[in-house]
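Contents: one structure, followed by commentary.
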C-alpha cells in the first residue's frame, strides 16, 4: 500500500503519460497522479485554460440574461425538427442535464465523447466520495481538471439565432450567439458558435465540437502529437484585432465546413479502438458504481482502502485519456486532403 502522501488525487494538476499509436514520444494528459510539474507543460496548461474557458476582456451584456436553471428536462432521443433539436439542447444545457443533452447529440458522434466524459465524471465524483467518507485529505494541495467535455456539454444558458444555412434536406447549420456559464465565480460570456443539425430516420440531432474535440481541432500540440499541427478551427477573441459578430467574447470559426468535419468524425467513430474505449468507459463506470455501493455499506474503513479499490479505475483512466488523441492521424490526413496545411510551432 502506498503512503497516503504519495497517493494520486483526481484533481491534482499533473500529467498522465500516454503513448497513442501515432506518437513518436509520450504526450501528457492531465488526468490525475502524483503532483508533478514540468515547465514545458505550462504553455499547454495556459492554452487549455484559454481555449476551454474562453475568457477575454470584460463582460458586456448582449442578450437577455437567462433565468435560473430548471429541474431536469424531458429525456428526448432527438427531436421532430432541426429547430426543436437546437432548442431542446439549450434547455438541457441550461438545466445542467447532461443525459438529456447527450441524447440530442448525433448518435454517431457520441462514442467520441463518452471516454472523456467518463474520466471527468470519475475525477469529480471520486474526489467528493473520498472527502464525504473520510473528510478532507490533509495532503491534498488542490488542482485543476483538464477534461472539460462534460462541462462543455452543459455550459450554454441561452442562445440568439444569428443565421441558418441549409446544407441539404437532412442537414442544417445554425450560427448562434450563446450566453455561457463556465464557473460560478465568473460572469457569463458570449460566444458565436455553429451547430450542425442532422436528420437520422425521422429524428433530428446536433453536432458541434465539445471539450477535447475543440482542443484537437484548434491544433493542440498535445492531442495531435506533433510540432506541426493542423488547425481546423480558430477562436477569435474580442481582444484580438478582428471584430466578432455581435461583439461576442469569442467567435469559433471552422476552417472547413462543419458538415464535412462531421462526416469524417462519423467514420472515425467506427474505428475498433473507439469501440474498445467505450467498452472500457462503461466498465469503469460499473466498477466505480460498485465501489460507491460498498462505501455506503461501510466496506472501507480508511481512505487508503478506498483509494486502493479505485486503483484499477485510475489505470483505465490513463488508457481512456488517449482516445481523442487517437483521432489525430486520420484527422491530419483528412485536413491535408482538403487543403489545410500543417502549421510549424
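Residue numbers (our numbering): 1236 to 1580. Quick reminder that beta carbons are idealized off the backbone N, C-alpha and C, glycines included.
Check	Outcome
Residue from 1415, 1535, 1393, 1547 whose Cα sits closest to the Cα of residue 1323	1393
Through-space distance from residue 1550 to residue 1369, alpha-carbon basis	23 Å
C-alpha distance - residue 1558 paired with residue 1545, whole-angstrom precision	21 Å
Whole-Å CB distance - residue 1308 paired with residue 1327, under 8 Å assumed	5 Å
Beta-carbon proximity list for residue 1530, same chain, < 7 Å, skipping 5 on both sides	1364, 1368, 1541
Selected residue, minimal CA-CA separation from residue 1516, among 1355, 1331, 1569, 1310	1355
Length of the line joining the Cα atoms of residue 1401 and residue 1336	23 Å
Residue 1412 vs residue 1427 beta-carbon contact at 9 Å	yes
Secondary structure of residue 1573, DSSP reduced to three states	coil
C-beta contact flag for residue 1503 and residue 1562 at 9 Å	yes
Separation of residue 1497 from residue 1347, as counted between CA atoms	12 Å
Where residue 1351 falls, given that 16 or more other Cβ within 10 Å makes a residue buried	buried
Delimiting residues of the beta strand (DSSP E) encompassing residue 1485	1485-1489
7 Å Cβ shell around residue 1325 - same chain, five flanking residues per side excluded	1391, 1393, 1394
Alpha-carbon spacing of residue 1397 relative to residue 1408, whole angstroms	11 Å
Best match in 1469, 1499, 1507, 1478 for proximity to residue 1489 [C-alpha to C-alpha]	1469
Short Cβ contact (9 Å threshold) for residue 1438 with residue 1417	no
Proximity of residue 1440 and residue 1330 at Cβ, strictly below 9 Å	no
Contained alpha helix (DSSP H) runs [length at least 4] in the segment 1378-1451, N- to C-terminal order	1384-1388
Beta-bridge pairing of residue 1340 - partner residues as DSSP gives them	1441
Minimum C-alpha distance to residue 1586 - residue among 1338, 1342, 1366	Absent from the structure is residue 1586, since the part of the chain shown begins at 1236 and ends at 1580.
Any non-hydrogen atom of the ligand HEM within 8 Å of residue 1308 CB	As for the ligand HEM, it is missing from this structure, which has no ligand bound.
DSSP-derived helix/strand/coil call for residue 1311	coil
DSSP three-state assignment for residue 1504, whether helix, strand or coil	coil
N- and C-terminal bounds of the beta strand (DSSP E) containing residue 1327	Segment 1317-1330 is the alpha helix (DSSP H) holding residue 1327; no beta strand (DSSP E) there.
Residue 1316 beta carbon less than 9 Å from that of residue 1548	no
Residue 1519 versus residue 1445 - alpha carbon distance	21 Å
Proximal residues to residue 1526 (C-beta, below 7 Å), its chain only, five neighbours per side dropped	1544, 1545
Residue 1414 versus 1425, 1463, 1404, 1405, residue with shortest Cα-Cα distance	1425
Top-ranked residue by Cα proximity to residue 1183, from 1389, 1575, 1434	This structure cannot speak to residue 1183, because the chain is shown only from 1236 to 1580.
Under the three-state DSSP convention, the category residue 1552 falls into	helix
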